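Accompanying notes for the structure given below.
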Amino acid sequence: MRSRILAVLLVALAALLAPVGSANAATPLTATLTCDEATGTISARLSGAASTMAKGTPVIVDFTVVAGSSVTTGGTSAQDPDLGKRLASVPTTIGSDWTVNVNGYTKAWNPAAYSFFTETVRVTFRTADGTQQYSGYRDGTCTYDTRTHLTLTCDPSTNTFAARLEGQNFLPGQQLKVEYYNTPVSQDTADSLRWSTSAYLAAQQNFTAADDGSWVNTAYTQTVSPHYYLSYDVRAEVKEQTTNRIVARATAYCLYTAP
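With mature numbering (1 follows the signal peptide of the UniProt record, and there is no 0) applied, the sequence shown covers -25 to -1, 1 to 234.
Have a look at this one:
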């Protein structure tokens, strides 16, 4: 079984492109959500430097579930029952070095009951009296998936990139949709800047699972122009066509070319 922990750093008005290495040297403020198979718990945390806020500011840190879905081992999908709920509110103070370290909620979770599970927490700040909310947020996602596998092939000899997504133990004839999101890092020449691009929807396709519940999808391929450096970090999400609910997720990375 595969358990993935994704710590996703989102800023409300972030630019699409940013030069690699141009970020503040301080540890970024990051929300982390962990689906722990060993302990059977899901736990949320916020840590890092809140460098846009004044040192010593008292705040309330809120942890709210903003997305989530699951599939039981029997194949039944469901929306996260905690969707939209604020599960923790923690008073704290911005440190003298802007550091914030806050544990949010922890709840029980039984991985043996699921073939797929995902949840996303959004972390926000309020004033100490709780009357006003600060702008900006951080999201953290955890995903547990036993049914899907993503393979990337980066072949500079043929100038091609290809993704292969495989699934098993889905419902026979299930109507599905896949979406591929890519986060590339590229550098055209040795003396040019290296750019990191925010995740974007690169390809999508509707398809149907076979009678045995298996399927293979190769919708995301492309011809790649020469680069000094190029890497692809791809996330594939599979949704039910009937509900638009996420029922599978897989990630993979490949280095197309490097000096």
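From the three backbone atoms N, C-alpha and C, an ideal C-beta is built for every residue, glycine too.
Predicted model only: the values in this text are computed from it and were never measured.
Contact belief for LEU230 with SER206 at Cβ below 8 angstroms, rounded distance in angstroms: On the sequence shown, position 255 is the one that residue 230 refers to. On the sequence shown, position 231 is the one that residue 206 refers to. Rounded, the Cβ-Cβ distance is 5 angstroms, consistent with contact.
Residue range of the beta strand (DSSP E) that includes ALA6: Here residue 6 refers to the residue found at position 31 of the sequence shown. Here the beta strand (DSSP E) through ALA6 covers 5 to 11.
TYR155 versus HIS124 - alpha carbon distance: As a working mapping, residue 155 is identified with position 180 in the sequence shown. As a working mapping, residue 124 is identified with position 149 in the sequence shown. TYR155 and HIS124: Cα-Cα distance of roughly 13 angstroms.
Cβ-Cβ separation, THR32 to THR68 (assumed contact under 8 angstroms), whole Å: In the sequence shown, counting from the first residue as 1, residue 68 sits at position 93. In the sequence shown, counting from the first residue as 1, residue 32 sits at position 57. With a contact defined as Cβ atoms closer than 8 angstroms, THR68 and THR32 qualify at about 7 angstroms.
Best match in THR2, GLY15 and THR16 for proximity to SER22 [C-alpha to C-alpha]: Locating residue 22 in the sequence shown gives position 47, where the first residue counts as 1. Of THR2, GLY15 and THR16, the residue nearest in Cα terms is THR2.
Rounded straight-line distance, which links the Cα of SER161 to that of LYS152: As a position in the sequence shown, residue 152 is number 177, starting the count at 1. As a position in the sequence shown, residue 161 is number 186, starting the count at 1. If I take the Cα positions, the gap works out to 29 angstroms.
CA-to-CA distance, THR106 to ASP228, given in whole angstroms: Position 253 of the sequence shown holds residue 228. Position 131 of the sequence shown holds residue 106. Note on identity: in this sequence residue 228 is Tyr, with Asp being the wrong assignment. The straight-line gap from Cα to Cα measures roughly 43 angstroms.
Unbroken stretches of the beta strand (DSSP E), 3 residues or longer, contained in the stretch 87 to 156: Complete beta strand (DSSP E) runs here, min 3: 89 to 102, 113 to 120, 123 to 130 and 135 to 142.
Paired residues, beta bridge with ARG20 - DSSP: Start at 1 with the first residue of the sequence shown, and residue 20 comes out as number 45. BP columns for ARG20 point to THR7 and ASN78.
CB contact below 9 angstroms: VAL98 versus chain D: Checking the listed chains, one finds no chain D in this structure; it contains a single protein chain.
Per-residue DSSP class, three states only, for GLN216: On the sequence shown, residue 216 is found 241 positions in, with the first residue counted as 1. In the structure shown, GLN216 falls within a coil segment according to DSSP collapsed to helix, strand and coil.
Proximity to GLN54 [Cα-Cα], best of THR226, GLU215 and ALA165: Taking the first residue of the sequence shown as position 1, residue 54 is located at position 79. With distances taken between Cα atoms, GLN54 lies closest to GLU215.
Contact belief for ILE17 with THR9 at Cβ below 8 angstroms, rounded distance in angstroms: Reading the sequence shown from its first residue, position 42 is the one you call residue 17. Reading the sequence shown from its first residue, position 34 is the one you call residue 9. With 8 angstroms as the limit, ILE17 and THR9 qualify as a contact, their Cβ atoms being about 7 angstroms apart.
Under 9 angstroms between C-beta atoms of THR39 and THR126: Here residue 39 is taken as the residue at index 64 of the sequence shown, counted from 1. Here residue 126 is taken as the residue at index 151 of the sequence shown, counted from 1. In this structure, the beta-carbon distance from THR39 to THR126 does not fall below 9 angstroms.
At least three beta-carbon pairs within less than 8 angstroms, the stretch 167 to 176 to the stretch 125 to 139: Because the criterion of three Cβ pairs below 8 angstroms is not met, the stretch 167 to 176 and the stretch 125 to 139 do not touch.
THR14 classed as buried or exposed, judged by whether at least 16 other C-beta atoms fall within 10 angstroms: Taking the first residue of the sequence shown as 1, we reach residue 14 at position 39. Classification for THR14: exposed.
Within 9 angstroms, strictly: CB atoms of THR193 and ALA211: By one-based count along the sequence shown, residue 193 stands at place 218. By one-based count along the sequence shown, residue 211 stands at place 236. In this structure, THR193 sits away from ALA211, with a CB-CB distance that is not shorter than 9 angstroms.
Own chain, CB closer than 6 angstroms to ARG61, minus 5 neighbours either side, in chain order: The count along the sequence shown starts at 1 and reaches residue 61 at position 86. So the list reads ASP37 and THR39, once near-sequence residues are dropped.
Presumed contact (8 angstroms Cβ cut-off) between VAL96 and GLY111, rounded CB distance: Within the sequence shown, numbered from 1, the residue matching residue 96 stands at position 121. Within the sequence shown, numbered from 1, the residue matching residue 111 stands at position 136. Not quite, the Cβ-Cβ distance comes to about 15 angstroms (not below 8 angstroms), so this is no contact.
Proximity of ALA42 and LEU58 at Cβ, strictly below 9 angstroms: Position 67 of the sequence shown, counting from 1, holds the residue named residue 42. Position 83 of the sequence shown, counting from 1, holds the residue named residue 58. Result yes, Cβ atoms of ALA42 and LEU58 sit closer than 9 angstroms.
Cutoff 8 angstroms; reference PRO147; Cβ partners in own chain excluding five residues on either side: Numbered from 1 along the sequence shown, position 172 holds the residue referred to as residue 147. Around PRO147: ALA184, ALA185, ASP186, ASP187 and GLY188.
Beta strand (DSSP E) segments (min. 3 residues) lying fully within the stretch 154 to 221: For the stretch 154 to 221, the continuous beta strand (DSSP E) assignments of 3+ residues that do not extend past its boundaries occur at 160 to 162, 170 to 172, 175 to 183, 190 to 192, 196 to 198 and 204 to 215, in sequence order.
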